[in-house]
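Here the sequence shown stands for residues 1071 to 1509, numbered as in this note's numbering. Glycine is no exception: its CB is placed at the ideal position from the N, C-alpha and C atoms. Below you'll find the structure, written out as structure tokens, and then a few comments.
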Amino acid sequence: MMPPKVKESVIRLMTRLAQQHGAVNLSQGFPNEPPSAKVRFALAHAVLSGNVGSGDEESRLSHMTEQGLKDSLVNLLTQSTTTAGSNVATDELNQYSPPMGRADVRHAVSRYYKRLYGYDVSEDNITLTLGATEAVATALRTVSNPGDEVVIFEPFHELYPSQCGIFYLNPVYVTLHASVDGKWHYDYEQLKDAIARKRTKALILNTPHNPTGKVFSYDELKEIVHLCIQNEVYIITDEIYEHMTFPDENGKLREHHLIPKEFPKAVDWTLVCNSIGKSASATGWRLGWCLHPPHLSDLYRGVHDQMVAMAPHPMQYASLAYFTLPEEYFKNELHVRYKSRVSILAEALEEVGFGIVVPEASYYLFADYRGVNELSELPPMEAAMYLMKEVGVATVPGDNFYGKAPDGQNYLRFACCRSLSDVTTAVKRLRAKLTISSP
1071 MMPPKVKESV IRLMTRLAQQ HGAVNLSQGF PNEPPSAKVR FALAHAVLSG NVGSGDEESR
1131 LSHMTEQGLK DSLVNLLTQS TTTAGSNVAT DELNQYSPPM GRADVRHAVS RYYKRLYGYD
1191 VSEDNITLTL GATEAVATAL RTVSNPGDEV VIFEPFHELY PSQCGIFYLN PVYVTLHASV
1251 DGKWHYDYEQ LKDAIARKRT KALILNTPHN PTGKVFSYDE LKEIVHLCIQ NEVYIITDEI
1311 YEHMTFPDEN GKLREHHLIP KEFPKAVDWT LVCNSIGKSA SATGWRLGWC LHPPHLSDLY
1371 RGVHDQMVAM APHPMQYASL AYFTLPEEYF KNELHVRYKS RVSILAEALE EVGFGIVVPE
1431 ASYYLFADYR GVNELSELPP MEAAMYLMKE VGVATVPGDN FYGKAPDGQN YLRFACCRSL
1491 SDVTTAVKRL RAKLTISSP
């Protein structure tokens, strides 16, 4: 058997080059602002105390104020100083957790879906994972075998085909095209043919979508669900941008649809992957989860156990503070924060010649650079390196997001999740160094 087809992440390469060249990093999609204070204090409490309090920790953390958590940390630090050299209490939170994750955190995930979506899911069908990346990888290995095929919408996040390569799976691409209506669409017949292939075992669905910002509509999801159930194909969702949907042209906030809730017949065919990384601004915590069908729970947990053993235990505990944040945070704060930054950058990019399809969600701009005088004749990597070295802004070449179609030759991806100060600095540099091509 040939070695798996896996390569180094181009996105993370561009981050390293940004540091080397002093460029504003709009390449890799991670924030540079901290999680909420309450969530950080909960993590510090876990590491310092090593133990949970008595009773219901989810309820205790939900009712505890930031000041209350601060005070508890001061007490812990004082105790650790005054009791130096004496017997230390046993430690739980800095040690192994059960492989599937703490029961109270899985219960908190269950309550999270009930509270925000009205969806009931048993904690027995939830596994805490090493981020959404591992959640997707474990899902792929759970439902497929070497030689099987996986349907992937392109443009895609680079991890999907790479994970297929690790497990000797073959990607089958369905291309999203930018349309004159200002939206990204797939061809139904191409999708139908891909799902109906003899060896297709799974479809990866990232909505809201990276890099286009597309939110798959209810009708599109209905088509996808019907085709997958009809052909006995599992749906593996990646929903890390679920709380970053933007208002439509009528001012109504676009809705992210949870497939098992909207389409009950799909419960046994859907694995929902998610994480706190993007929504909590805690990408370094590597704390994710998967909602899996009951008949796959044991197998999913077995694969997860053998690959990573568990998600980091202190982060599991601290996530209790995240899952109990008020609805205002999830429904109103996140999308407002990132929509403003996307709009600021989009305006500047259009001024210097980039073509923009306004994203419906997430915090990326997938921009056509053919109208930029300095970039129009360059292939994607050279265009990205020109921006890096000559302009001082780091991006990702568009062909990194495609496996079949040539469309990526025209694009660069910008991540607008950095601080407002970083976005503003990038805008100034772009306006100073780039010009729109003459008609």
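- In the DSSP annotation of this structure, alanine 1381 is not part of any beta strand (DSSP E), being labelled neither H nor E.
- Taking C-beta separations shorter than 7 Å and ignoring five residues to either side along the sequence, the partners of tyrosine 1189 in its chain run Tyr1183, Leu1328, Pro1330, Lys1331, following chain order.
- Inclusion of glutamate 1136 and phenylalanine 1111 in the CB contact set at 8 Å is warranted, their separation being smaller than that value.
- In this structure, proline 1278 sits near alanine 1431, with a CB-CB distance shorter than 8 Å.
- The beta carbon of aspartate 1141 sits closer than 7 Å to none of the beta carbons in its chain outside the five residues before and after it.
- Put simply, the backbone Cα of isoleucine 1236 is about 44 Å away from that of leucine 1146.
- When the Cα atoms are used, glutamate 1224 and lysine 1335 turn out to be separated by approximately 26 Å.
- Taking serine 1167 as reference, the option from Val1378, Leu1445, Asp1477 with the minimal CA-CA separation is Val1378.
- Taking C-beta atoms as the reference points, tyrosine 1230 and isoleucine 1274 count as a pair closer than 8 Å.
- The alpha-carbon separation between leucine 1357 and glutamine 1479 amounts to approximately 34 Å.
- Leaving aside the five residues that flank asparagine 1164 on each side, the residues in its chain whose CB is nearer than 6 Å to its CB run, in chain order, Gly1120.
- Taking each of Glu1127, Met1134, Arg1130, Ala1114 in turn and checking the Cα distance to valine 1144, the smallest one comes out for Ala1114.
- For the region 1418–1468, the continuous alpha helix (DSSP H) assignments of 4+ residues that do not extend past its boundaries occur at 1450–1456, in sequence order.
- Remark: three or more beta-carbon pairs, one from each stretch, lie closer than 8 Å, so the region 1093–1107 and the region 1479–1495 are flagged as touching.
- Inclusion of arginine 1499 and valine 1442 in the CB contact set at 8 Å is not warranted, their separation being larger than that value.
- Excluding residues up to 5 positions away in sequence, Pro1450, Met1451, Ala1454 lie with their Cβ nearer than 6 Å to the Cβ of proline 1467 in the same chain.
- Secondary structure note for histidine 1255: its beta strand (DSSP E) is the uninterrupted segment 1254–1256.
- The C-alpha of proline 1384 is placed about 40 Å away from the C-alpha of leucine 1246.
- Contact between aspartate 1194 and serine 1389 fails: their C-beta atoms lie close to 19 Å from each other, not under 8 Å.
- Rounded to the nearest whole angstrom, the C-alpha separation of aspartate 1375 and aspartate 1174 is 19 Å.
- With contacts defined by Cβ atoms closer than 8 Å, asparagine 1344 and glutamate 1319 do not form a contacting pair.
- Per the DSSP secondary-structure output, tyrosine 1243 pairs in a beta bridge with Ile1222.
- Assignment of beta-bridge partners to alanine 1272 by DSSP yields Val1220, Tyr1304.
- Each of His1227, Pro1382, Gly1372 was checked against the Cα of glutamate 1162, and the nearest Cα belongs to Pro1382.
- Assignment of asparagine 1121 by DSSP, reduced to helix, strand and coil, places it in the coil class.
- In the structure shown, threonine 1208 falls within a helical segment according to DSSP collapsed to helix, strand and coil.
- With respect to threonine 1270, valine 1295 sits apart: the two C-beta atoms are not nearer than 8 Å.
- Apart from the 5 residues on each side of it in sequence, histidine 1227 sits with its Cβ closer than 8 Å to the Cβ of Asn1276, Asn1280, Pro1281, Asp1308, Phe1471 in its chain, given in chain order.
- Within the region 1333–1402, complete alpha helix (DSSP H) segments of at least 4 residues are found at 1367–1378, 1383–1393, given in chain order.
- Inclusion of isoleucine 1306 and alanine 1350 in the CB contact set at 8 Å is not warranted, their separation being larger than that value.
- Within the DSSP secondary-structure output, leucine 1323 pairs in a beta bridge with Pro1317.
- Per DSSP, the continuous beta strand (DSSP E) segment holding leucine 1482 begins and ends at 1481–1485.
- Where isoleucine 1196 is concerned, the enclosing beta strand (DSSP E) starts and stops at 1196–1199.
- Valine 1303 and tryptophan 1339 have their C-alpha atoms some 7 Å from each other.
- Leaving aside the five residues that flank alanine 1116 on each side, the residues in its chain whose CB is nearer than 7 Å to its CB run, in chain order, Leu1163, Pro1384, Tyr1387, Ala1388.
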